[in-house]
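Worksheet for the structure shown next.
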Amino acid sequence: MNFFTKLSNKLLRTKGKLIGDIDTLLSRWKKVDPALLDELEEVLISADTGVLVAEKLIDKIRKDKMNDPAAVKEAIKEGMINILTEHEGALNLPDAGPAVVVIVGVNGTGKTTTIGKLSERLRREGKKVVIAAADTFRAAAIEQLVIWGERSGATVIRHTGGADPAAVVFDALAAAKARGADILIVDTAGRLHTKVNLMEELKKIRRVLEREHPGSPHEILLVLDATAGQNSLVQARFFSRDIGITGIVLTKLDGTAKGGIIFSIMEELKIPVKMIGVGESIEDLRDFHAKEFVEALFEPSAAG
Ligand SMILES: Nc1nc2c(ncn2[C@@H]2O[C@H](COP(=O)(O)OP(=O)(O)O)[C@@H](O)[C@H]2O)c(=O)[nH]1
Ligand SMILES: [Mg+2]
């Protein structure tokens, strides 16, 4: 099985919802008329693409005065590729280390798992990785990171539970420099954004990095759980406003029909999704590529 097919299989539930519903709708119509387009817009919105994206996709079809329902599907696909490509962006890390990546997001979205997968991937690329266990809110979070660190050969810098996260980051940065590490990845706590002190804590971490290692952090990645649907947009707005983010990691796309949320995120927030999580194993963290993603969605399912 090739890489492309595998991604398509990981996205089965979103495919079923988004593409499955489009197919069902189009098969009921012999020609394109305004009522069909209204229904199509509703299908897109109900698949979490967001109103803005749905309108943009439909407007194009209206303007092009399409007649054949089959051509409509192709137009939606092209439109989706265009929307995602416009805001596409890869991880942007300097060659001279340590590059610093801070991972933020609410509890349970997949921050620690993403760090584990990312550090394993970087290790396979021959990179030396240091991880800062700056989620000191829960002792279990530190243990979880130590296990991932052992598995991926990364050095984990930790203090005891309840320690000042910025102090952990300070030490981890010093360790990363001393060891000549290529990358420092910072895990952070994820209590809800309604608690003001989480944002203050994150700002303090950022200040320490800016002061001790000018130019860093090079990436602040917000981890969002695709199963949260529209709610993840709310989280993104908070984090973006309060601490500034350079990209998004969208996790759990394997277990949800709400993958259409990626269109809302990219078009409404104009923040690039840089990586996606499609499962719990190490291979399941992937760089995001707009064209590949949309083509995987539109790939006919193997089971027919
Ligand atoms: N299916 C699936 N599960 C994931 C993915 N990413 C993370 N998880 C699971 O989500 C749960 C919470 O992850 P964790 O990394 O502890 O979240 P954190 O609180 O943000 O650090 C764990 O059970 C992970 O295995 C993903 O891409 N797909
Ligand atoms: Mg965690």
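Numbering-wise (my numbering), the sequence shown opens with residue 470 and increments by one. The beta-carbon is built from N, C-alpha and C at its ideal position, and this holds for glycine as well.
Ligand 1 and residue i: does the residue's C-beta get closer than 8 angstroms to at least one heavy atom of that ligand?
i, result
"LEU494", "no"
"ASN576", "yes"
"ASP756", "no"
"LEU766", "no"
With the cut-off set at 9 angstroms, would you say residue i and residue j are in Cβ contact?
i, j, result
"LEU653", "PRO538", "no"
"ILE415", "LEU481", "Coverage of the chain is limited to positions 470 through 773, which leaves residue 415 absent and any answer about it impossible."
"VAL512", "ASP490", "yes"
"ILE751", "GLU589", "yes"
"PHE708", "LEU722", "no"
"LYS580", "ASP633", "no"
Note down, in chain order, each residue of its chain lying with its Cβ closer than 8 angstroms to the Cβ of residue i, except the 5 sequence neighbours on either side.
i, result
"LEU667", "ALA658, GLY659, ARG660 and LEU661"
"VAL763", "LYS546, MET549, ILE550 and LEU553"
"ASP711", "HIS662, MET668, LEU671 and LYS672"
With residue i as the anchor, note down where its beta strand (DSSP E) starts and where it stops.
i, result
"GLY716", "716-720"
"THR554", "First-last for THR554: 538-555, but that is the alpha helix (DSSP H), not the beta strand (DSSP E)."
"ALA565", "Note, ALA565: premise wrong, no beta strand (DSSP E); not H, not E."
"THR657", "652-657"
Quick one: give me the first and last residue of the alpha helix (DSSP H) that residue i is part of.
i, result
"LYS486", "481-496"
"ALA523", "520-532"
"ILE731", "730-733"
"GLU761", "759-767"
"ARG706", "700-711"
Who are the Cβ neighbours of residue i in its own chain at under 6 angstroms, not counting the five residues just before and after it?
i, result
"ALA765", "LEU476, SER477 and LEU480"
"ALA623", "SER588, VAL598 and ILE600"
By the 10 Å Cβ neighbour count, where 16 or more other Cβ atoms means buried, how is residue i classified, buried or exposed?
i, result
"ASP528", "exposed"
"ARG755", "buried"
"GLU669", "exposed"
"PRO741", "buried"
"ILE616", "exposed"
"ARG620", "exposed"
"ALA647", "exposed"
"GLY631", "exposed"
What I want to know is whether the C-beta of residue i ends up closer than 8 angstroms to one or more non-hydrogen atoms of ligand 2.
i, result
"THR581", "yes"
"ASP656", "yes"
"GLN613", "yes"
"ASP507", "no"
"ASP753", "no"
"ALA610", "yes"
Quick one: what's got a C-beta closer than 7 angstroms to residue i's C-beta in the same chain, skipping five residues either side?
i, result
"HIS682", "VAL569 and LEU642"
"THR725", "ARG482, THR483, ALA695 and THR696"
"ALA644", "VAL599, THR624 and ILE626"
"MET535", "VAL501, VAL541 and ALA544"
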